[in-house]
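Protein chains: 4
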Amino acid sequence: MIHEPIQIITTGGTIDKIYFDAKSTYQVGCPNIKRVLEELPVTVDYQITPLLQKDSLEITDADRQVLADTIKATPGQRIIVTHGTDTMVESAMALADIQDKTIVFTGALEPAMFKTSDAIFNIGCAIAAVQALPAGIYITMNGRIFPYDNVVKDVENSRFVPRSELS
Amino acid sequence: MIHEPIQIITTGGTIDKIYFDAKSTYQVGCPNIKRVLEELPVTVDYQITPLLQKDSLEITDADRQVLADTIKATPGQRIIVTHGTDTMVESAMALADIQDKTIVFTGALEPAMFKTSDAIFNIGCAIAAVQALPAGIYITMNGRIFPYDNVVKDVENSRFVPRSELS
Amino acid sequence: MIHEPIQIITTGGTIDKIYFDAKSTYQVGCPNIKRVLEELPVTVDYQITPLLQKDSLEITDADRQVLADTIKATPGQRIIVTHGTDTMVESAMALADIQDKTIVFTGALEPAMFKTSDAIFNIGCAIAAVQALPAGIYITMNGRIFPYDNVVKDVENSRFVPRSELS
Amino acid sequence: MIHEPIQIITTGGTIDKIYFDAKSTYQVGCPNIKRVLEELPVTVDYQITPLLQKDSLEITDADRQVLADTIKATPGQRIIVTHGTDTMVESAMALADIQDKTIVFTGALEPAMFKTSDAIFNIGCAIAAVQALPAGIYITMNGRIFPYDNVVKDVENSRFVPRSELS
Numbered sequence: 001m002i003h004e005p006i007q008i009i010t011t012g013g014t015i016d017k018i019y020f021d022a023k024s025t026y027q028v029g030c031p032n033i034k035r036v037l038e039e040l041p042v043t044v045d046y047q048i049t050p051l052l053q054k055d056s057l058e059i060t061d062a063d064r065q066v067l068a069d070t071i072k073a074t075p076g077q078r079i080i081v082t083h084g085t086d087t088m089v090e091s092a093m094a095l096a097d098i099q100d101k102t103i104v105f106t107g108a109l110e111p112a113m114f115k116t117s118d119a120i121f122n123i124g125c126a127i128a129a130v131q132a133l134p135a136g137i138y139i140t141m142n143g144r145i146f147p148y149d150n151v152v153k154d155v156e157n158s159r160f161v162p163r164s165e166l167s
Numbered sequence: 001m002i003h004e005p006i007q008i009i010t011t012g013g014t015i016d017k018i019y020f021d022a023k024s025t026y027q028v029g030c031p032n033i034k035r036v037l038e039e040l041p042v043t044v045d046y047q048i049t050p051l052l053q054k055d056s057l058e059i060t061d062a063d064r065q066v067l068a069d070t071i072k073a074t075p076g077q078r079i080i081v082t083h084g085t086d087t088m089v090e091s092a093m094a095l096a097d098i099q100d101k102t103i104v105f106t107g108a109l110e111p112a113m114f115k116t117s118d119a120i121f122n123i124g125c126a127i128a129a130v131q132a133l134p135a136g137i138y139i140t141m142n143g144r145i146f147p148y149d150n151v152v153k154d155v156e157n158s159r160f161v162p163r164s165e166l167s
Numbered sequence: 001m002i003h004e005p006i007q008i009i010t011t012g013g014t015i016d017k018i019y020f021d022a023k024s025t026y027q028v029g030c031p032n033i034k035r036v037l038e039e040l041p042v043t044v045d046y047q048i049t050p051l052l053q054k055d056s057l058e059i060t061d062a063d064r065q066v067l068a069d070t071i072k073a074t075p076g077q078r079i080i081v082t083h084g085t086d087t088m089v090e091s092a093m094a095l096a097d098i099q100d101k102t103i104v105f106t107g108a109l110e111p112a113m114f115k116t117s118d119a120i121f122n123i124g125c126a127i128a129a130v131q132a133l134p135a136g137i138y139i140t141m142n143g144r145i146f147p148y149d150n151v152v153k154d155v156e157n158s159r160f161v162p163r164s165e166l167s
Numbered sequence: 001m002i003h004e005p006i007q008i009i010t011t012g013g014t015i016d017k018i019y020f021d022a023k024s025t026y027q028v029g030c031p032n033i034k035r036v037l038e039e040l041p042v043t044v045d046y047q048i049t050p051l052l053q054k055d056s057l058e059i060t061d062a063d064r065q066v067l068a069d070t071i072k073a074t075p076g077q078r079i080i081v082t083h084g085t086d087t088m089v090e091s092a093m094a095l096a097d098i099q100d101k102t103i104v105f106t107g108a109l110e111p112a113m114f115k116t117s118d119a120i121f122n123i124g125c126a127i128a129a130v131q132a133l134p135a136g137i138y139i140t141m142n143g144r145i146f147p148y149d150n151v152v153k154d155v156e157n158s159r160f161v162p163r164s165e166l167s
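Protein chains in written order, with full-length UniProt numbering: chain Y, 1 to 167; chain A, 1 to 167; chain W, 1 to 167; chain R, 1 to 167.
Okay, structure coming up:
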């Protein structure tokens, strides 16, 4: 439906977490969305910009300003942002004054390297959503599409819900 | 964004192909979209109707009539059809007189049981597309969304393309 | 424990079956044991000889003679043969006069490309068995190690059993 | 070849590490060897005893005494111990006075839940090794079989090697 490439901006988060045996720790690695899309028979055009490589709890207001500036500077109208889930909503809110682009946030509740990860499914949701939706800022998680201003992470149940559904 | 359950109708195809060692053959098995969605942290409502269990080359005009009747009979406005890729476009065309629902076809180029299958990604695309798109009939494959009347399977390259792009 | 490389001879079979969407058929492809071992942190030395690329029902007496000649010609004492399961026992029997080497057959009941395949597990069994066992001809399937002259494929239940256990 | 069940004792380690999104931490979960063996077409008899659920850096001398006592108390002659890799050798050494059983340690360099984990391969190696080897204490990692008294983890390169090979 669209002919301009989708702009994909990566910021880190659980989707990109990998395991370093040498240190027995988990760290944020390279953008998994790149590997996922390259290994699939995807023919849609896209460009990936690795912007940050952080757990989302470590993302600062300055980082969010850089994210906003990066999106404003891109000529593309269709933007996917991969992001850690804990502060995904905060980062989406920080873009509220960008009104002429379709911006879709996604991430994963389990690292993409896990057999049971939701990463590939969520990336599929984001790729379709960013092509189908009108200008606006959205979060796609759990198979749902949320406007950025009516969604919250239900940490206890590890899912995203509309604000009104959070018990 | 929507509150009615997504209606998922399965018809077989590569996405559902499994391997029977006892016979050393491959056959169309149970709907893999059911297993995929159950194993993911999906919170969107959906209902699955297993309608056919066929290689798409074996789907007949009578089958397509049953598919059309089933979709017309459902009160839901959001319909996903999983289908073999070889005649997916023909089946989409057979629904052309249904104009008040969003109908999204998807499938897979490799069986969902394969490690490298595009099934989970395609299902993600379809789940998002069916929620985001206006009424109409679409095919989501290869990360793209096609209107049903401008898409064809490029068999040689094993991908879907707009009619104009088929060499 | 051993310092000579393990000699791995591949003959095809279910373990190497892949899916060709363009033709909607399954065929025997390249040796999956190569890919599996390369992707794992394996430090044991091995050499892979792709000998045949056949469904085991198509393996002939002439093929078995080539297999025997190949094994006799190798200076190595530790041999793994990957093979289709339907005639694995027949091929093992055709090597009965080779008495100074440890020869371990294995394969898979599901293609290695399947998420649920037994291929990686079976390859692990064979790699360890060929290092640990004395000279002789063995089949490792289903987590068991069978002497070649007391094993049969129970086709109905899709497993290998000692001859005495076949009902 | 053997008819008594293989005794599998689990102690935790990377092989059993899982990810808790709610806390964004990784912890040692239930024994993955149970799930792995149940999902494969394995017909060898085995019994699993979940003894500890610890990162191997946390395993104490008291834990090792419990492990030794547990193995001595079992009537079985074939024992697999799944264990974290960092102190696997130390735990194997603590069993040195058990001389009438075949004891095989294994684990994983990446959690079994990872797509690229060596867990299934290593479990295959251990299942075969424990059936094929004479009484003694062994470590199977990286596709190799090591006597317990000539092996060390090369932490820098994340692999097991004979003591003489450690640079």
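Positions of the beta carbon are idealized from the N, C-alpha and C atoms, including for glycine.
With DSSP run on the structure shown, which of helix, strand or coil describes residue i?
{"i": "R/V155", "result": "coil"}
{"i": "R/M88", "result": "helix"}
{"i": "Y/I8", "result": "strand"}
{"i": "R/L166", "result": "coil"}
{"i": "A/I79", "result": "strand"}
{"i": "R/T43", "result": "coil"}
{"i": "R/I127", "result": "helix"}
{"i": "W/T14", "result": "helix"}
{"i": "A/A109", "result": "Ala is not the amino acid found at residue 109 of chain A; the sequence shown has Leu there. Three-state result, A/L109: coil."}
{"i": "A/I48", "result": "strand"}
{"i": "A/I98", "result": "coil"}
Against residue i, what residues of chain Y qualify as contacts under a CB-to-CB distance less than 8 Å, listed in chain order?
{"i": "A/R159", "result": "P41 and T43"}
CB-CB under 8 Å to residue i, same chain, minus the five flanking residues each way: which ones, in chain order?
{"i": "Y/D61", "result": "A94"}
{"i": "A/R163", "result": "N150, V151 and V152"}
Using a Cβ-Cβ cutoff of less than 7 Å, which residues in the same chain neighbour residue i once the five nearest sequence positions on both sides are dropped?
{"i": "A/A135", "result": "Q99, D100, K101 and T102"}
{"i": "Y/S117", "result": "A108, E110 and P111"}
{"i": "W/T87", "result": "S56, L57 and I59"}
{"i": "A/T74", "result": "Q7"}
How far does the beta strand (DSSP E) with residue i in it extend, from its first residue to its last?
{"i": "W/R144", "result": "R144 to P147"}
{"i": "A/M141", "result": "G136 to M141"}
List the endpoints of the continuous alpha helix (DSSP H) containing residue i.
{"i": "R/I33", "result": "N32 to E39"}
{"i": "A/T70", "result": "D61 to A73"}
Could you name the residues of chain R that residue i contacts, counting a contact when the two beta carbons are closer than 9 Å?
{"i": "Y/M141", "result": "Result: empty, since nearest Cβ-Cβ is about 11 Å, beyond 9 Å."}
Which same chain residues, not among the five before or five after residue i, have their C-beta less than 6 Å away from its C-beta?
{"i": "Y/V42", "result": "none"}
{"i": "A/I137", "result": "A92, L95, I103 and Y148"}
{"i": "W/Q126", "result": "Here residue 126 of chain W turns out to be Ala, not Gln, going by the sequence shown. I80, V104, T106 and T140."}
{"i": "Y/T11", "result": "L51, L52 and H83"}
{"i": "A/D154", "result": "V161 and L166"}
{"i": "A/G13", "result": "S56, H83, G84 and G107"}
Taking C-beta pairs closer than 8 Å, name the residues in chain W that residue i reaches, listed in chain order.
{"i": "R/G76", "result": "Neighbours of R/G76 on chain W: none; closest Cβ ~16 Å, over 8 Å."}
{"i": "R/L109", "result": "P41"}
Along chain C, which residues have their Cβ under 7 Å away from the Cβ of residue i?
{"i": "Y/T106", "result": "Note that chain C does not occur in the displayed structure, where the protein chains are Y, A, W and R."}
Report, in whole angstroms, the separation of the C-beta atoms of residue i and residue j, which I expect to be a contact under 8 Å.
{"i": "A/P5", "j": "A/G76", "result": "7 Å"}
{"i": "Y/G124", "j": "A/I15", "result": "No, Y/G124 and A/I15 are not in contact; Cβ-Cβ is about 13 Å, not under 8 Å."}
{"i": "Y/N157", "j": "A/V44", "result": "15 Å between Cβ atoms; not a contact."}
{"i": "A/L67", "j": "A/I9", "result": "7 Å"}
{"i": "W/A129", "j": "R/A128", "result": "4 Å"}
{"i": "Y/Q27", "j": "Y/I33", "result": "Not quite, the Cβ-Cβ distance comes to about 17 Å (not below 8 Å), so this is no contact."}
List the residues of chain Y whose Cβ lies closer than 9 Å to the Cβ of residue i, in chain order.
{"i": "R/F146", "result": "Under the 9 Å cutoff, chain Y gives no residues; its nearest Cβ is about 18 Å from R/F146."}
So residue i contacts chain W; which residues on that side make the cut at Cβ distance below 9 Å?
{"i": "A/T116", "result": "M113"}
At a CB-CB cut-off below 7 Å, which residues of chain W make contact with residue i?
{"i": "R/L133", "result": "A132"}
{"i": "R/I127", "result": "C125 and G143"}
Below 9 Å on C-beta distance, what does residue i contact in chain A?
{"i": "Y/G84", "result": "Residues of chain A passing the Cβ test: none, with the nearest at roughly 16 Å."}
Give the residues of chain A in contact with residue i, contact being defined as C-beta atoms less than 7 Å apart.
{"i": "Y/K13", "result": "Note that residue 13 of chain Y is Gly in the sequence shown, not Lys. Under the 7 Å cutoff, chain A gives no residues; its nearest Cβ is about 15 Å from Y/G13."}
For the ligand ATP, any of its heavy atoms closer than 7 Å to the Cβ of residue i?
{"i": "W/P5", "result": "Ligands displayed in this structure: none; no statement on the ligand ATP is therefore possible."}
Which residues in chain R sit within 7 Å of residue i, going by Cβ to Cβ distance?
{"i": "W/N122", "result": "G124"}
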